[in-house]
Amino acid sequence: MRCFIGVPVGGELAEECILLAAGHAGAAPLGNLHMTLAFMGECRAEQVEAMVPHLKTLAASFAAFSLPFTRCEPFPQERGPFLALTGALSPELEALHKGLEERLSDCGIHLEPRPFRPHVTLARPGHSLPVLTGEWRLLVSSFWLYQSQRGENDFPIYSPLARFPFSCP
126 MRCFIGVPVG
136 GELAEECILL
146 AAGHAGAAPL
156 GNLHMTLAFM
166 GECRAEQVEA
176 MVPHLKTLAA
186 SFAAFSLPFT
196 RCEPFPQERG
206 PFLALTGALS
216 PELEALHKGL
226 EERLSDCGIH
236 LEPRPFRPHV
246 TLARPGHSLP
256 VLTGEWRLLV
266 SSFWLYQSQR
276 GENDFPIYSP
286 LARFPFSCP
């Protein structure tokens with residue numbers, strides 16, 4: 126199964142994301158809005174089972190934090206192909222991502238070597254768009270393990286497998 130770890134986008138931020146994506150081809154459905162922390166690709170069921178205690182321990186060591194996004198822009202390059210909210214890598218997010226890399230490596234899962242760039246994918250418009258600036262905030266108080274499957278018209282379906290709440294004061 127194809128798996129990734131992410132932070133779901135909900136509440137007011139989700140509503141703002143839907144408005145930003147409105148009218149663009151390939152707009153992400155509300156239930157798919159998330160910030161990917163780690164994409165693992167194909168995982169066996171036993172690998173998923175083995176990573177759960179490691180992820181619980183990691184989540185328990187974090188306190189909730191707010192992550193600002195300051196741009197709505199083509200991603201990952203200037204010409205897309207995606208429209209995404211983007212922001213800087215905060216110290217808390219960097220520590221969380223590094224912790225995930227280490228825990229997943231302990232389970233035999235190695236992430237792609239490219240730099241981590243925090244973003245929330247909003248749409249796949251198929252053409253370049255102007256950059257919007259603003260401030261959108263994501264409350265990071267847990268992360269989820271998701272399964273990704275192909276749906277109709279190649280739109281992915283993300284199914285939550287487990288939630289890992291932060292519990293550090």
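Each residue of the sequence shown is one higher than the one before, counting from 126 in our numbering.
Just so it is clear, CB atoms sit at the ideal spot from N, CA and C, and this is done for glycine as well.
Name the residue from Leu221, Ala248, Glu227, Pro201 whose alpha carbon lies nearest to the alpha carbon of Val265.
Taking the first residue of the sequence shown as position 1, residue 265 is located at position 140. Out of Leu221, Ala248, Glu227, Pro201, Leu221 has the C-alpha closest to the C-alpha of Val265.
What is the DSSP secondary structure of Ser273, reduced to helix, strand or coil?
Counting from 1 along the sequence shown, the entry for residue 273 is found at position 148. The DSSP-derived three-state label of Ser273 is strand.
In terms of alpha-carbon separation, which member of Gly276, Cys168, Phe194 lies closest to Cys142?
What you label residue 142 is simply residue 17 of the sequence shown in a count that begins at 1. Taking each of Gly276, Cys168, Phe194 in turn and checking the Cα distance to Cys142, the smallest one comes out for Phe194.
Residues in its own chain within less than 6 Å of Ala175 by CB, not counting five upstream and five downstream?
For the purposes of this step, residue 175 is taken as residue 50 along the sequence shown, with counting starting at 1. Once the five neighbours on either side are set aside, the close Cβ partners of Ala175 are Cys232.
Validate contact between the stretch 271-281 and the stretch 127-134 using beta carbons, cut 8 Å, 3 pairs:
They touch, by the three-pair rule.
Spatial neighbours of Leu296 within its chain, please: C-beta separation below 6 Å, excluding the five flanking residues on both sides.
Lying outside 126 to 294, the shown extent of the chain, residue 296 is not represented and no answer is given.
Secondary structure at Glu237, three-state DSSP: helix, strand or coil?
Along the sequence shown, read from residue 1 onward, the residue named residue 237 stands at position 112. It is coil, neither helix nor strand.
Quick one: what does DSSP say Cys128 is sitting in, helix, strand or coil?
Taking the sequence shown and counting its residues from 1, one reaches residue 128 at position 3. Looking at Cys128 - three-state DSSP - the assignment turns out to be strand.
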